[in-house]
Amino acid sequence: MTGGTVVELAEHGAAITVPLDDATGRALAASRIVEAAPDPFLAGRWRVKAGGRVGAAAVGVPGGATVTVRITPKLPIARLLFLLGYGLNAKGWRDEDVRLDEESELLPAFARLFERQAHRALRQGLVQGYRTTEETSLVVRGRIREADQVRRHRGGLVPVEVVHDDYTTDIAENRLLRTACERLCRLPSGIPHDVRGRLLRLRVRLADVTPIGRGHEPPVWRPNRLNARYHTALRVAELVLRGASVEHRAGDVAVSGFLFDMAKVFEDFVTAALREALGGSRRVALQAAHHLDEHDAIRVIPDLVMYADDGTPLAVADAKYKAEKREGVPDADLYQMLAYCTALNLREGHLVYAKGNAAHAVHQVRHSPIAIHRHALELDQPPAGLLADVRVLARRLAATPAV
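In the numbering used here, the protein residues as written are 12 to 414.
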């Protein structure tokens with residue numbers, strides 16, 4: 012991602028003052044990637060501040076120039092990759108898959124990780140499978156789609172509407188790898204030269220596979236014995252596609268990049284890890300809608316609700332990734348959890364923060380049996396320790412007293 016100007020920021024860091032012309036400053040402000048405003052004391056300079064997004068983005072400036080924004084996460088790259096992978100799929104994601112101590116930036120780390128895992132997956136050749144194809148043909152191949160034949164051709168013999176299965180390499184698994192490779196190769200800079208060369212060779216190996224078009228949903232793949240060697244590579248590919256999905260236009264400003272929202276990363280990790288820790292003994296729902304009022308007009312959507320066998324809610328938790336604040340936890344979070352507990356008829360609710368100023372505490376609500384627990388997870392620790400902390404939290408949720 013090259014351009015005339017590069018702005019280096021830290022996740023939730025202090026605002027910095029950078030020399031920018033008005034067109035570039037306005038483009039940054041319109042991009043919604045960062046906060047940008049003219050410096051009130053220095054002409055020709057803008058104050059720029061990053062929020063919770065991390066990664067890199069290229070913001071087009073009217074007239075043809077580009078400004079590149081790089082936002083460094085607070086967490087070490089390997090820790091962030093672990094959170095991302097675990098949130099996507101807890102099973103089969105191992106710490107050794109994400110050890111990239113040599114990388115200090117997000118985009119190069121992802122490119123290197125993807126290339127390693129894809130190379131390992133394709134070492135024995137491309138996996139093949141059956142792909143169902145519906146088409147209009149002059150010959151009968153497979154089965155005739157009778158309803159389509161009558162509707163489209165009014166009983167004519169040709170052409171024929173058919174459906175058939177092809178045994179091919181052009182299947183969901185290879186399409187995901189090909190598309191992730193394309194997205195990384197399309198980024199003009201930030202990827203080490205040696206990694207870019209291996210990505211280009213990987214693209215050649217996947218040349219006969221159809222990439223996923225922009226705006227199309229990625230195809231669904233299912234883990235099985237035949238694609239076992241692909242599993243880690245496919246999860247990394249899905250992360251690449253998620254991060255590279257940052258592309259929008261705000262008026263005359265085009266934005267493209269490779270970015271992750273840390274609040275969403277943390278929420279996905281906490282809910283996936285808690286569900287895994289709670290095991291199959293309880294039914295757990297993520298982002299399930301409930302209603303606060305008797306007429307079902309006010310919806311509340313907690314991150315995680317645990318239920319008894321008869322469907323009665325037993326516990327509720329919400330993940331909150333916040334920048335450290337001297338004043339501590341925002342009151343709005345407590346009010347929100349109070350509403351969840353009220354709607355679900357629970358005596359306890361659990362707010363889970365990334366560790367900062369939010370140490371564990373309990374708030375007993377006045378004139379009510381409801382108690383709101385604040386928990387903090389230390390993210391910058393080895394995965395084994397982090398998951399052990401999540402298991403402690405899961406046991407606390409499982410012990411929540413019934414009303």
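Think of the CB as a built atom: it goes at the ideal place given N, C-alpha and C, for glycine as much as any other residue.
The C-alpha of residue 323 lies about 18 Å from the C-alpha of residue 329.
Per DSSP, the beta-bridge partners of residue 57 are 29 and 49.
Assignment of residue 376 by DSSP, reduced to helix, strand and coil, places it in the coil class. Where residue 282 is concerned, the enclosing alpha helix (DSSP H) starts and stops at 273–289. Take the alpha-carbon of residue 251 and the one of residue 272: they are about 14 Å apart. Taking C-beta atoms under 8 Å as the contact rule, residue 298 and residue 312 qualify, at a distance of about 6 Å. Looking at the DSSP output, residue 269 bridges to 67. The Cβ atoms of residue 20 and residue 85 lie no closer than 9 Å to each other. With a beta-carbon spacing of about 12 Å, residue 56 and residue 18 fall beyond the 8 Å limit used to define contacts.
Separation of residue 24 and residue 37 (C-alpha to C-alpha, rounded to the nearest whole angstrom) is 21 Å.
Its chain contains 288 as the residues whose beta carbon lies nearer than 8 Å to that of residue 402, once the 5 sequence neighbours on both sides are disregarded; these appear in chain order. With distances taken between CA atoms, residue 206 lies nearest to 127 out of 127, 187, 317 and 172. Shortest Cα-Cα distance from residue 202 to any of 125, 227, 156 and 43 involves 125.
Distance between residue 326 and residue 384, taken at the CA atoms: about 12 Å. Less than 9 Å separates the beta-carbon of residue 408 from that of residue 361. Beta-bridge annotation (DSSP): residue 331 is paired with 364.
For residue 224 and residue 194, the gap between their C-alpha atoms comes out near 11 Å. According to DSSP, residue pairing for residue 315 in a beta bridge involves 297 and 328. Distance from the Cα of residue 95 is smallest, within the candidate group 136, 130 and 249, for 249.
When DSSP reads this structure, residue 140 sits in a beta bridge with 179. Measuring C-alpha to C-alpha distances from residue 64 to each of 393, 389, 373 and 333 identifies 333 as the nearest. With a 10 Å radius around the Cβ and a threshold of 16 neighbouring Cβ atoms, residue 97 comes out buried. In the three-state DSSP reduction, residue 401 falls in the helix class (H, G or I). The straight-line gap separating the alpha-carbon atoms of residue 381 and residue 357 is approximately 7 Å. At a Cβ-Cβ threshold of 9 Å, residue 135 and residue 236 do not count as neighbours. Between residue 40 and the set 22, 62 and 52, the nearest pair of CA atoms involves 62. Restricted to the region 194–225, the alpha helix (DSSP H) segments that are unbroken, complete and at least 4 residues in length are 204–216, listed in chain order. The beta carbon of residue 246 sits closer than 7 Å to the beta carbons of 96, 99, 100 and 104 from its chain, once the five residues preceding and following it are set aside; these are given in chain order.
In the structure shown, residue 171 falls within a strand segment according to DSSP collapsed to helix, strand and coil. Between residue 140 and residue 184, the C-beta spacing is below 9 Å.
In the DSSP assignment, residue 118 falls within the alpha helix (DSSP H) that extends over 117–133.
Relative to residue 68, the option among 158, 45, 267 and 177 whose CA is nearest is 267.
Contact check for residue 47 against residue 76 fails: the beta carbons are separated by 9 Å or more. Counting only the Cα atoms, residue 82 lies some 14 Å from residue 42.
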